[in-house]
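Data first, discussion second: the structure below is written as structure tokens.
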Amino acid sequence: MNDWIAIGALALVGLLIPLGMMAVSYLLRPSVPETNKRATYESGEVPTGGTRVRFNIQYYMVALLFLVFDIETVLLFPWAVVYLDAVESDAVSLTEILGPMVAFVVILLVGLAWAWRNGAVQWAQTPRQVESDR
Amino acid sequence: MAVFDLPGWTGLAPALILAATALALFVVDSISPRSANRALLAGVSATGALASLAVAVWFIAAGVGQGGIDGLGVIDLFDGQFVVDAMALYFMIVVAVVTALVSVASYDYMADHTYQAEYYSLLILAATGMSTMAAANSLVTIFIALELTSLPSYALVAILKDNRGSVEAGLKYFLIGALSSAIFVYGVSLVYGATGHLQLDAIAVALEEDVADGFGGLLGLGILMLIGGFAFKTASVPFHFWAPEAYEGAPAPISAFLSSASKAAGFVIAFRVFTTAFPLEVTGELIGLDWTLAFVILAIVTMTVGNFAAATQDKVKRMLAYSSIGHAGYALIGLAGLTVDGGELVMGAAMMHLLVYGFMNTGAFLFVALAEYWGVGRTFEDYNGLANQAPVACFALGIFLFSLAGIPPLGGFWSKYFLFTGAISVGTTSMLLVAAALVVNSALSLYYYSRLVKAVWIEESVVDRDTLAQPTGLYAAIVFAAVMTVVLLPAFGPVSETAIDAAAAVI
Amino acid sequence: MEGAFSYAPAIAAFPLVAFVVALAFGKYMPKKGALAGILATAGSLLLSVVMLVAVASGEVYHGTIYEWAVGDALTEVGADGIEFTFGILIDPLSALMLVIVSLVAFLVHVFSLGYMNGEGETGLPRYYAGLGLFTFSMLSFVLADNLLMAFMFFELVGLCSFLLIGFWFRTRSAPSAAKKAFLVTRFGDYFFLIGVVAIASTFGTLQFAGEESFVAAAETAIADGTTLFGFGPETWVTITGLLVLGGVIGKSAQFPLHTWLPDAMEGPTTVSALIHAATMVAAGVYLVARMFGYYAQSPTALSIIAFVGGFTALFAATMGVVKDDIKQVLAYSTISQYGYMMLGMGVGGYVAGVFHLMNHAFFKALLFLGAGSVIVLMHHEQDMWKMGGLKDKAPVTYWTFLAGALALAGIVPFSGFWSKDEVLYDALIVGLEQPVILAAYAMGLLAVFFTGFYTFRMVFLTFHGEPRTDTAENPHSVGWSIKFPLVVLGALALLAGVANLAPVAKLTGMDITYLEFWLDGEYGYVEGLTYHDYHELVAFEEGYISSETVTMLLGAGLSLGLAVAGAVTAHVLYNVPEPTRHTAKLGGAYDVLRSNYYQDEYQVWLAEGLTLPLARAADRFDQTVIDGVVNGVSTASLFGGDRVKRIQTGIVTNYAALLVAGFIALLLVLGFIGGWFL
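Protein chains in written order, with the working numbering: chain E, 6 to 139; chain D, 1063 to 1569; chain S, 16 to 693.
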């Protein structure tokens, strides 16, 4: 027997089950049209607008910055854990332990400084404000 | 030479210098974010690129990556995650040269634009990625380098924020790029699944040791997906869709950068992965066919699509974009022509072609940059009669175009000639087919290249133009590229030797 | 003597410099470039004599100057590389030829002072530049050590003849004659080129001399019996030899490619002298002598050479009988005399052929220059019927011309007798065993009579009798520059025979056959290029009538008798105060001879009736089919390009879809081939 037949059968079943459930519920359910059913679901709160809201672009900016420094922490944490043990052992020198991480942090600092200086953390400036600052 | 005494990680110096340059640019911009000292920024970028070039040349001259008595051997870094050999250095040189040219040319081109510092730092960051790619020796580092190249490229294409074409091109580039990256990563995971390794040599060893027995289809699919990733980077059909639009929408120096350096980087990584990780014989037994077949198909389709589409374009930049796709097809011959017991000749030829291409294609795009700087328009008609106002630049353009078409005695002829003879010497039916396609497409390419030459030199101008400015940076870059296109030909002996040696070393 | 040979390239280079000088500065120089040419050819002559002396002292030279292409090539005999070079070969043959060529060129230059400058011609820098280039080409051709280099300069010689024959390009006839000379010789050279390629691809070398030569390679091939391109080795050597012979026949004006030569008389007479005596026409025979070792290996080729030579000798001599123009007579005599040389070469008489080549160079240069002198005397009148009685008015011209005529007719003891007799003797002894050669010999012998006749007809009509026109009554005077070359050449025409008095040597037993010793390696020699090497190669048997001496005396007596008979006939008919035409006696033959056996007519028909329609058909094929295909391809390409362009819709979702579709297509193809889905 070819393996692919089993795989194909699985794919077929996987497709049929949800489709079948939807079809069955479509056949069984009572039809009561109502506007609230079309409203946006906001955990029970009264919805304040549609789903297609425009977010300020600076949310993304903050999110990006957060992501960068979050990952930095992820890398720093295990390094900090093994740091003392590594210093005590003679296998590696201090520069070899400290050097890469210092370089890493320096690169991040340069990035942070640049973002800061270029106004990435300043909130909500209209184009006119940016223009007057320049 | 002092290379001996340096610690191993300095082997990556060409890439590290570029990274440091990018950081320096950020520092410069942090100090005075609101005033753009263009000369300083362009100067720092060009200096960094040239320093990287110098170090790479020095390494090659000192014998890094060469075996034997005077050679210093291949430098292995971080447990084989990176490798600095002749091929890596060769492509670091290509990248550095193109970066330097583009930096110099951008000085004039970007004169009235905002985001100067960002432009240069992104440029250098992308160059860092390409340089790193040349040395990457594991699927992980390859992917990281690939992304380090791609992300700044997306931003660079879209850097003309007020230009709809630029932004649209950037977005398209990004979307196709994301799709291709996804395919590539999937491929990486499949290869890992089949062999249990990410480091290229280790994959080869695993294949030799029959670890992947029974996973032929899986491995094959993985390899094919890796090919997809490289095809995106090198703008090969069918992953080329981003290229015409990105090249057309992007600032012309960036088009030059992407179509030359980025393409070269894509090729080096393809060369390395396929020569190191997937030895033809073992892999062939596993997946039931030679993976060169994929490249044969890609090469033929790519050069045909690129050249045919270029033939009927109205806009110069778009024509060059398609021609760049065509040239990717030529360079793919380097992989298509690999055989179990050789192929260094044809791969060396492909490497040579990429070097020559680095000059002639960059030069051609820089001429377009010059035309955009003058504001003469985008179509062939708009270029009519430019030779009257700017004979030097137009002469250089003639050199670039004829070299791209492969007219003797220019550099482009020789690299194509080597590709052709290399393909013939392999001698299989499919390679003869590839060689035939190369000839037919070159002939066709002469048509549209000479169309541009005709427009510039022979046709009368449609509108009356005033005298055109002669921006120093752009002119210098164009003239230098033209001189190199010509000078490469007496220097072809050493170049071809280096390229073929480098190719032989990895095979 | 290595030092002397290092100046060898200068022999050819001097005239080249003269060419450049005359072309660039001739206009501003006092004699319009003549002096540069005279100096250059004098230098060449001097150096040639030095070479001759060097060879006489036992040295030879064979060296490569410049190697312009080296290639890997698998040739038919298995040599795996080929080199194309420029090199110099100085052996007895080429040293001798160098002296002949440079001497004649020098004298022609001097003569030109009187003939061209003195007559107030315009365009003189062009003339002297042409002469310089001509001399350069011929000297380089003589120096050549390989067939390809020889071919190149052979072609250059042809080009120069084109330029010089058409010197008076404003007339109607000169350009046409120049074109004819160019095209007819080109027709022969076409075969020559194929021959060069054939030899190169067979043996992988084009050298004339040494271990690496194609001659030696051919010898090895014949010895080993190697099959070459599906032929036996001897057959193949014959074929390639005959292909090269095509060039010789064209240049040396042998039947049927002789038609250009009479027309070439349209050029200045000095040019005719140069062409006929030392350069263009001589080039063909020299080439045969140069690669004689190759021909010697093919009896068939030799027989063809001999037969063509003998036939041409007779054929041309008969036509010369009825010509009125003094230069035309000389032109046909040239064709005829080169026929003798070919006959000599063809029967294996290498020495005889070269001997006649040398003697002919002197006396034919003399005759042409003499004719030039006559033309000057006659105010550019060339019709012999309008001359007469010039004997007393121009004694120097007369006596020297007479010496040349006696040599041409082959009257003892003038040089022409000795060499022509040797040619005929060699032909006779081979002919006694070979019927074909005997036929060639018979024709050659018969031609002797005609030669004697037309030569003296020319002499008597021109110089004897009463002056028939006013100009003949009061001739123009000639200067020293005309007389000097005539005297030098007159002396040579008388004495050059001393070089090889073979009959005398045989009768008396004295060792005075110097030329034979010269060519046989008594002095300097190159291995394999000597007379006895050749003689061993030639497969002809020789026979004698009773004994060698008797045969020789018989042959010599016969030819001398015929020559004298011809001269006497001319004397009877034309050496009268008022000679008349005797054409009526010839009857219908006169028309045939007058029309040169209708050779031109059939060749013109070949060109117009056969080649032209063919060319038209080819043109139509090119215009319709070929161009149609080309245009179709370009249309199809552009159409295809237009379609391909449309894949790029501009909508990014389409791209993604196409990308994935393309990827899946690739996956299906590869997966299907690789069997991943099983």
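Backbone N, C-alpha and C fix where the C-beta goes; we use that ideal spot for every residue, glycine too.
Heavy atom of the ligand MG within 7 Å of residue i beta-carbon
i      : result
S/F206 : This structure does not include the ligand MG; it has no bound ligands of any sort.
Residues that DSSP places opposite residue i in a beta bridge
i       : result
S/E82   : S/T100
S/A159  : S/I103
D/F1144 : D/L1139, D/A1198
S/H586  : Partner(s): none; S/H586 has no beta bridge.
D/Q1261 : D/S1200
S/F246  : S/L243
S/Q222  : S/N161
S/H77   : S/L104
Residue i: contacting residues in chain S (beta-carbon distance under 8 Å)
i       : result
D/V1299 : G677
D/P1214 : Result: empty, since nearest Cβ-Cβ is about 21 Å, beyond 8 Å.
D/P1453 : Those within 8 Å of D/P1453 in chain S number zero; the least Cβ separation is about 30 Å.
Residue i burial status per 10 Å Cβ neighbour count (16 or more: buried)
i       : result
D/S1436 : Checking the sequence shown, residue 1436 of chain D turns out to be Trp, not Ser. D/W1436 is buried by the Cβ-count criterion.
D/H1415 : buried
E/P4    : Since the first and last residues shown for chain E are 6 and 139, residue 4 of chain E lies out of range.
S/F206  : buried
S/H395  : exposed
S/E481  : exposed
S/V591  : exposed
S/D637  : exposed
D/P1315 : buried
Residue from the options with nearest C-alpha to residue i
i       : options                            : result
S/V263  : S/G308, S/E249, S/E170, S/D339     : S/E170
S/G690  : D/D1275, D/S1183, D/L1351, D/L1185 : D/L1351
D/V1418 : D/A1431, D/G1399, D/D1403, D/A1393 : D/A1393
D/I1395 : D/I1122, D/W1519, D/T1364, D/A1123 : D/T1364
S/G459  : S/D106, S/V474, S/A442, S/P450     : S/A442
S/T56   : S/L89, S/L423, S/L146, S/G102      : S/L146
D/S1114 : D/A1086, D/I1155, D/L1463, D/D1091 : D/I1155
S/S313  : S/H273, S/V362, S/T217             : S/V362
D/T1529 : D/V1438, D/S1558, D/G1290          : D/V1438
D/A1231 : S/K338, S/V684, S/Y670, S/I679     : S/Y670
D/A1098 : D/Y1182, D/V1146, D/A1075          : D/Y1182
S/A292  : S/E437, S/K266, S/G203             : S/K266
S/M357  : S/L329, S/T484, S/W251, S/L621     : S/L329
S/G335  : S/V92, S/T200, S/Y612, S/N161      : S/Y612
E/V111  : E/F74, E/S94, E/Y88, E/N61         : E/F74
S/L108  : S/V303, S/T285, S/T639             : S/V303
S/G359  : S/W400, S/A332, S/L317, S/T349     : S/L317
Contacts that residue i makes with chain E (C-beta to C-beta distance below 9 Å)
i       : result
D/F1088 : V115, G116, A118, W119
Within chain D, partners of residue i - CB distance below 8 Å
i      : result
S/W691 : G1278, G1279, G1282, L1283, I1349, G1350
Within-8 Å CB hit, residue i to chain A
i       : result
D/L1078 : Of the protein chains in the structure, E, D and S, none is chain A.
Interface partners of residue i on chain D, CB under 9 Å
i      : result
E/R59  : Within 9 Å Cβ-Cβ: nothing; E/R59 doesn't reach chain D, min ~18 Å.
S/G86  : What S/G86 touches in chain D: nothing, since even the nearest Cβ is about 14 Å away.
S/I688 : G1350, L1351, L1355
Chain-ordered neighbours of residue i on chain D, where CB pairs are closer than 7 Å
i      : result
E/I112 : L1085
Interface residues of chain E facing residue i [CB-CB closer than 8 Å]
i       : result
D/D1091 : W119, R122, N123
Neighbour list for residue i in chain E, Cβ cutoff strictly below 7 Å
i       : result
D/P1095 : R122, N123
Chain-ordered neighbours of residue i on chain S, where CB pairs are closer than 9 Å
i       : result
D/F1246 : Per Cβ cutoff of 9 Å: no residues; D/F1246 is ~11 Å from chain S at best.
Proximal residues of chain S, C-beta to C-beta of residue i below 7 Å
i       : result
D/A1373 : S652, L653, G656
**Message:** At 4 residues or longer, what runs of the alpha helix (DSSP H) sit wholly inside the segment 1352–1388 of chain D?
**Reply:** Segments of the alpha helix (DSSP H) lying fully in the segment 1352–1388 of chain D: 1354–1373.
**Request:** Would you mind listing the alpha helix (DSSP H) stretches within the segment 594–623 of chain S that are 4+ residues and don't spill past its ends, in chain order?
**Result:** For the segment 594–623 of chain S, whole alpha helix (DSSP H) runs of length 4 or above, ordered along the chain, are 603–609, 614–620.
**Contained alpha helix (DSSP H) runs [length at least 4] in the segment 238–311 of chain S, N- to C-terminal order** = Listed in chain order, they are 248–266, 275–278, 284–292, 295–305, 307–310.
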